[in-house]
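The structure under discussion appears below in the form of structure tokens.
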Amino acid sequence: MMLVNSVGDELITDPHILPTARVGNTTSKFIKQYVSTTRKPTASIIFKGTVYGRTSPLIARFSSRGPNSIEPDVIKPDVAAPGVNILVVWPSILNLIKHQGDTRSVMFNILSGTSMACPHVSGIAALLKTVHRDWSPAAIKWALMTMAYTLNNKRSPLADVDSSNSTGPFACGSGHVDPKRAVDPGLIYDIVAEDYLKYLCSPNYTSSPIGLFTGGTFTCPTDTSFQAGDLSYPSFAINFKGGVQNGSLEYMRTVTNIGTPTSSYAVKVDVPNGVAVIVNPKILSFNKVGQKLSYNVTFVGKSIRSFDSSFGSLTWVSGKYRVKSPLVVTWQQDSPTPLLLFTF
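As numbered in full-length UniProt numbering, residues 1 to 344 make up the sequence shown, in order.
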């Protein structure tokens, strides 16, 4: 049996009862043309060994995409991880295609999906915890995000599997996870439970429903300077309402030095189209491990834009360290209705 993709050339392995070959949409067109123009078409499969040098990684067609429909002030997804054609351990009592006629018993299988990417990231997080036992879950996640890479093996931006177009944060988040770099990120962003509660206060939720998360009473602070975008997330989602011009949004972040005790980090900004970006201060100077410093980022709309998004990045650089955060500027037509939900 031969299966062909109706769209795209991504090949995802799955088991079948019959011997099966799978081809992409482009190859299928040549096969169909050959079959339709040949009186007695024949076919054979020749194994040529492993093919090296293909562009990798690529973002799968089925991979989740942004923007964040629940809370646009937080970029989603967070990171990308391996999830296509993953070799996994398989319970021998479970047949491959969940059909009573399939009596095959195997110890391994090949699966694809976000459920395959998740254990990769979970395993990396567990390894980071063994190295840094004092890190919070947020610090581990933030290290994975800021140390992710955004270039493929050919030094080009990560792209979708069916095109050569770069993906951007709405497809790969901060980039592809890099466990080796995440072990020593230089700077980390961190967060405590109270920060999440302040985050929930920012869209004007009352103390009563927020108390459901605390198991007791909680009073939102009267200081209204905290915005949803101030949540100590290692990314920036900037949302201008309508075709705003000369409007501005300012956010604050705090980082902790866990690298070289005496070090200075200089900011480097890849500015998204349609805005000006002002960072204050431009240099973060640390004199000890564990020291915390804060910085502010102001985004100013420079031109009236249609309702779309533009991408950029903000990176703190010091020697071998490059602590990178994606920037996404979106011009919204209407403000979404907030929901009492956390995003992970």
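Built from N, CA and C at the ideal position, the CB exists for glycine as well.
All values reported here derive from a predicted model rather than from experimental measurement.
Cβ-heavy atom distance, residue 31 to the ligand FMN, below 7 Å | What this structure holds is no ligand at all, so the ligand FMN is not there to describe.
In or out: residue 228 buried (at least 16 other Cβ within 10 Å) or exposed?
-> buried
Looking only at C-alpha atoms, which of 86, 130 and 102 sits nearest to residue 110?
-> 86
Return the first residue and the last residue of the beta strand (DSSP E) that residue 348 is part of.
-> No information on residue 348 is available, as it lies outside the stretch 1 to 344 that the chain covers here.
How many angstroms separate the CA atom of residue 268 from the CA atom of residue 91?
-> 50 Å
Kindly indicate the opening and closing residues of the alpha helix (DSSP H) around residue 332.
-> Here residue 332 belongs to no alpha helix (DSSP H); instead the beta strand (DSSP E) covers 321-332.
Own chain, CB closer than 7 Å to residue 65, minus 5 neighbours either side, in chain order | 170 and 171
Let me know the secondary structure DSSP gives residue 298 once reduced to three states.
-> strand
Simplified DSSP assignment, three categories, for residue 153 = coil
Considering residue 248, what are the terminal residues of the beta strand (DSSP E) in which it resides?
-> 248-257
So who's on the other strand from residue 241, going by DSSP bridges?
-> Residue 241 pairs with 332.
Where does residue 6 land, buried or exposed, given buried means 16+ other C-beta within 10 angstroms?
-> That one is exposed.
Taking only the alpha-carbon atoms, compute the straight-line gap between residue 177 and residue 28 and give it to the nearest angstrom.
-> 34 Å
Give the secondary structure of residue 262 by DSSP, where H, G and I count as helix, E and B as strand, and everything else as coil.
-> coil
Are residue 148 and residue 123 close, meaning C-beta to C-beta below 8 Å?
-> no
In its own chain, which residues sit with a C-beta less than 8 Å from the C-beta of residue 72, not counting the 5 before and 5 after it?
-> 237, 239, 330, 332 and 336
If we ignore side chains and look at the alpha-carbon of each, how far apart do residue 42 and residue 76 end up?
-> 48 Å
Thinking residue 189 and residue 253 are a contact (beta carbons under 8 Å), I'd like their distance in whole angstroms, please.
-> 7 Å
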